[in-house]
Amino acid sequence: MLNRLYARVLRHAASPNAPWWLVALAFAEASFFPLPPETLLVPMVLSRKDKAWLYASLCTAASVTGGILGWVIGAFLLEHLAMPIVHFYHAEHTLTALQEKFRLWGVWIILLKGLTPIPYKFVTIASGMAHFALLPFIMASLVTRGIRFFLVAGLLWKFGPPIQDFLERRLPLVTGVFAVLLVGGLLALRYL
Numbered sequence: 026m027l028n029r030l031y032a033r034v035l036r037h038a039a040s041p042n043a044p045w046w047l048v049a050l051a052f053a054e055a056s057f058f059p060l061p062p063e064t065l066l067v068p069m070v071l072s073r074k075d076k077a078w079l080y081a082s083l084c085t086a087a088s089v090t091g092g093i094l095g096w097v098i099g100a101f102l103l104e105h106l107a108m109p110i111v112h113f114y115h116a117e118h119t120l121t122a123l124q125e126k127f128r129l130w131g132v133w134i135i136l137l138k139g140l141t142p143i144p145y146k147f148v149t150i151a152s153g154m155a156h157f158a159l160l161p162f163i164m165a166s167l168v169t170r171g172i173r174f175f176l177v178a179g180l181l182w183k184f185g186p187p188i189q190d191f192l193e194r195r196l197p198l199v200t201g202v203f204a205v206l207l208v209g210g211l212l213a214l215r216y217l
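Take the sequence shown: its letters are residues 26 to 217, numbered as in the working numbering.
Spelled out as structure tokens, the structure:
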């Protein structure tokens, strides 16, 4: 069943509408949605290696734009939009800690947290809550999200066939590890 699902995802990743779905996913993940853009970026690059840099660019631009929405949510819509998102993830403590870290470390928080598995939406919302300056936020987001997505695309572009072969041979293992990392990231978010 996993192999059929994987084959289906690869077919959809090569479809003409796939870039639009990638943009929507990267935008939403930066402000409210739980799935990381790599869940679509990886199969898209594997199915169309020649478009790796385009996909990484789209992912970066959409993520930064979604991050601006997250910033706005944190800065101006805290009670109406941000807190329901935070409560959904049980991340009240994490958001408060991030807000304090913004006051101390500023742009370094964005640069470091944007590369980690900690959901980027909390970085964007917390930066808005802290009223961190928007232009440095955008610039740091471009750097950190660009590094992340171009690194993934570059590794897949360079080593795509062996990675794809590994994924196809060890799909249950890869899926299990991804699930553990996702749950671990959410648990770390809750208790950090």
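A virtual CB, placed ideally from N, CA and C, is assigned to each residue, including glycine.
Please read these numbers as outputs of a predicted model, since none were measured by experiment.
Please state whether the Cβ-Cβ distance between residue 144 and residue 44 is less than 9 angstroms. Here residue 144 refers to the residue found at position 119 when the sequence shown is read from its first residue. Here residue 44 refers to the residue found at position 19 when the sequence shown is read from its first residue. With contacts defined by Cβ atoms closer than 9 angstroms, residue 144 and residue 44 do not form a contacting pair.
*Would you mind reading off the limits of the alpha helix (DSSP H) that contains residue 66?*
Locating residue 66 in the sequence shown gives position 41, where the first residue counts as 1. 63-72 is the span of the alpha helix (DSSP H), which, as asked, contains residue 66.
Select from 179, 188, 190 the residue whose C-alpha is nearest the C-alpha of residue 75. Position 50 of the sequence shown, counting from 1, holds the residue named residue 75. Of the candidates 179, 188, 190, the one whose C-alpha sits nearest the C-alpha of residue 75 is 179.
Whole angstroms is fine: what's the gap from residue 54's alpha carbon to residue 79's? Against the sequence shown, residue 54 aligns to sequence position 29. Against the sequence shown, residue 79 aligns to sequence position 54. Roughly 19 angstroms separates the two Cα atoms.
State yes or no: is the C-beta of residue 182 within less than 9 angstroms of the C-beta of residue 48? Translated into positions along the sequence shown, residue 182 becomes position 157. Translated into positions along the sequence shown, residue 48 becomes position 23. Not closer than 9 angstroms, so no.
Go ahead and label residue 81 buried or exposed: buried means 16 or more other beta carbons lie within 10 angstroms of its beta carbon, across all protein chains shown. Translated into positions along the sequence shown, residue 81 becomes position 56. Buried.
Out of 137, 131, 175, 173, state which residue places its alpha-carbon closest to the alpha-carbon of residue 160.
Indexing the sequence shown from 1 puts residue 160 at position 135. It is 131 whose Cα lies nearest to the Cα of residue 160.
C-beta atoms of residue 51 and residue 73 nearer than 9 angstroms | For the purposes of this step, residue 51 is taken as residue 26 along the sequence shown, with counting starting at 1. For the purposes of this step, residue 73 is taken as residue 48 along the sequence shown, with counting starting at 1. Contact: no.
**Q.** Sub-9 angstroms separation of residue 56 and residue 103 beta-carbons
**A.** By 1-based counting over the sequence shown, the position of residue 56 is 31. By 1-based counting over the sequence shown, the position of residue 103 is 78. No, Cβ-Cβ distance for residue 56 and residue 103 is not below 9 angstroms.
Within the continuous alpha helix (DSSP H) that includes residue 91, where are the two ends? Your numbering for residue 91 matches position 66 in the sequence shown. Counting along the chain, the alpha helix (DSSP H) containing residue 91 begins and ends at 77-101.
ask   = With a Cβ-Cβ cutoff of 9 angstroms, do residue 156 and residue 107 count as a contact?
value = Counting from one through the sequence shown, the residue named residue 156 turns up at place 131. Counting from one through the sequence shown, the residue named residue 107 turns up at place 82. Against a cut-off of 9 angstroms, the Cβ pair of residue 107 and residue 156 comes out as no contact.
*Shortest alpha-carbon distance to residue 146 belongs to which of 68, 126, 41, 98?*
Counting from 1 along the sequence shown, the entry for residue 146 is found at position 121. Comparing Cα positions, the closest option is 98.
Only counting runs of 4 or more residues, tell me where the alpha helix (DSSP H) segments fall wholly within the region 35-59, in order along the chain.
43-54
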